[in-house]
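S.K.: Once you've had a glance at the structure underneath, I'll fire off some questions.
In the working numbering, the protein residues as written are 23 to 135.
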């Protein structure tokens, strides 16, 4: 256990445990797979791939679909490298087919485990 003052000192020195949130500055910790939300229902996997190719080599792009084949309005994009994935995170709030995209690391990415 830490004394109350020591814990604050450790925090100020950057010695934090747990937590999270915020933008991942350490490129090696950024996954290559990204979740992309707020897609128009007509957006195809090819549209998604074309939108992200300016960030690097897109090795996988898919739009999630319901059992009846209709789009769920979200998809997955996988970049070739971690550096390209960091660049692709900057596509957050860019427009595709008139809708601002939500882009974040895919929470189910196994790269980091």
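No residue lacks a Cβ here, since even glycine has one placed at the ideal position from N, Cα and C.
I need the boundaries of the beta strand (DSSP E) containing residue 107, first residue and last residue.
M.R.: Careful: residue 107 lies outside any beta strand (DSSP E), inside the alpha helix (DSSP H) at 104 to 111.
S.K.: Using 10 angstroms around the beta-carbon of residue 64, count the other beta-carbons present and answer buried if the total reaches 16, otherwise exposed.
M.R.: exposed
S.K.: Can you list, in chain order, the residues of its chain with a C-beta nearer than 7 Å to that of residue 94? Leave out the 5 residues immediately preceding and following it.
M.R.: In its chain, beyond the 5 residues on either side, 86, 87, 88 have a beta carbon closer than 7 Å to the beta carbon of residue 94.
S.K.: DSSP three-state label for residue 70, please.
M.R.: helix
S.K.: Kindly list the residues whose CB is nearer than 6 Å to the CB of residue 57, restricted to its own chain and excluding five residues on each side of it in sequence; keep chain order.
M.R.: 126, 128
S.K.: Just curious, the beta strand (DSSP E) that residue 101 is in, first and last residue?
M.R.: 93 to 101 is the span of the beta strand (DSSP E), which, as asked, contains residue 101.
S.K.: Using DSSP with H/G/I as helix, E/B as strand and the rest coil, what is residue 125?
M.R.: DSSP, reduced to helix, strand and coil, places residue 125 within a strand of the structure shown.
S.K.: Have a look at the DSSP bridge pairing and note the partners of residue 83.
M.R.: 99
S.K.: Output the distance between the C-alpha atoms of residue 71 and residue 83, rounded to the nearest integer angstrom.
M.R.: 6 Å
S.K.: What are the boundary residues of the beta strand (DSSP E) that includes residue 56?
M.R.: 55 to 59
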